[in-house]
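Residue numbers for the sequence shown follow the working numbering, so the first one is 35 and each next one is one higher.
Encoded as structure tokens, the structure appears first; notes follow it.
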Amino acid sequence: MIARLRGTVIEAYPNRLVVDVQGVGYEVFIPLSTFDRLHAAEGLKVDLRTHLHFSQLGQKLFGFSSEEERDVFLLLIDRVSGVGPTMAVSVLSGMDVNAFKKCVVAGDVAG
Numbered sequence: 035m036i037a038r039l040r041g042t043v044i045e046a047y048p049n050r051l052v053v054d055v056q057g058v059g060y061e062v063f064i065p066l067s068t069f070d071r072l073h074a075a076e077g078l079k080v081d082l083r084t085h086l087h088f089s090q091l092g093q094k095l096f097g098f099s100s101e102e103e104r105d106v107f108l109l110l111i112d113r114v115s116g117v118g119p120t121m122a123v124s125v126l127s128g129m130d131v132n133a134f135k136k137c138v139v140a141g142d143v144a145g
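This is how it looks when you write it as structure tokens:
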């Protein structure tokens, strides 16, 4: 597994980055919260926590600005029926991790 990437952003989009790590460009799918927190732009040095996801369609690398964000992502895809990686990234894009945790504890499904 690829648990972490440290390198330089060579392409930046709101939903994904391409990170150069010693000459290899990794496409990393990210939630908007990570994009905003990093102020992602070309040339930025980043240190991302990652999850490599395998499916019938292939493999995708997902990146997060913190371990906490990655852990919530993993809980969503592992424990919530019907939630895959794309949906989990959408959830994390809509609110920060602490706000999400408060909604879960309070039983607030509307958020």
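Ideal Cβ positions, reconstructed from N, Cα and C, are used throughout, including at glycine.
A quick note: this is a predicted structure, and the numbers were derived from the prediction, not measured.
{"Item": "Below-8 Å beta-carbon distance, A122 vs any chain B residue", "Value": "No chain B is present in this structure, which holds just one protein chain."}
{"Item": "Close Cβ partners of I36 (< 7 Å) along its chain, the five nearest in sequence each way excluded", "Value": "T84, L86, L95"}
{"Item": "G59 versus Q90 - alpha carbon distance", "Value": "23 Å"}
{"Item": "Exposure of P65, with buried meaning 16 or more beta-carbon neighbours within 10 Å", "Value": "buried"}
{"Item": "The region 41-57 contacting the region 70-82, beta-carbon criterion three pairs below 8 Å", "Value": "yes"}
{"Item": "For F107 and T2, believed in contact at Cβ under 8 Å, the rounded distance", "Value": "The chain is shown only over 35 to 145; residue 2 falls outside these bounds and no answer can be derived."}
{"Item": "7 Å CB neighbourhood of L110 in its chain, flanking five on each side removed", "Value": "V117, A122, V125"}
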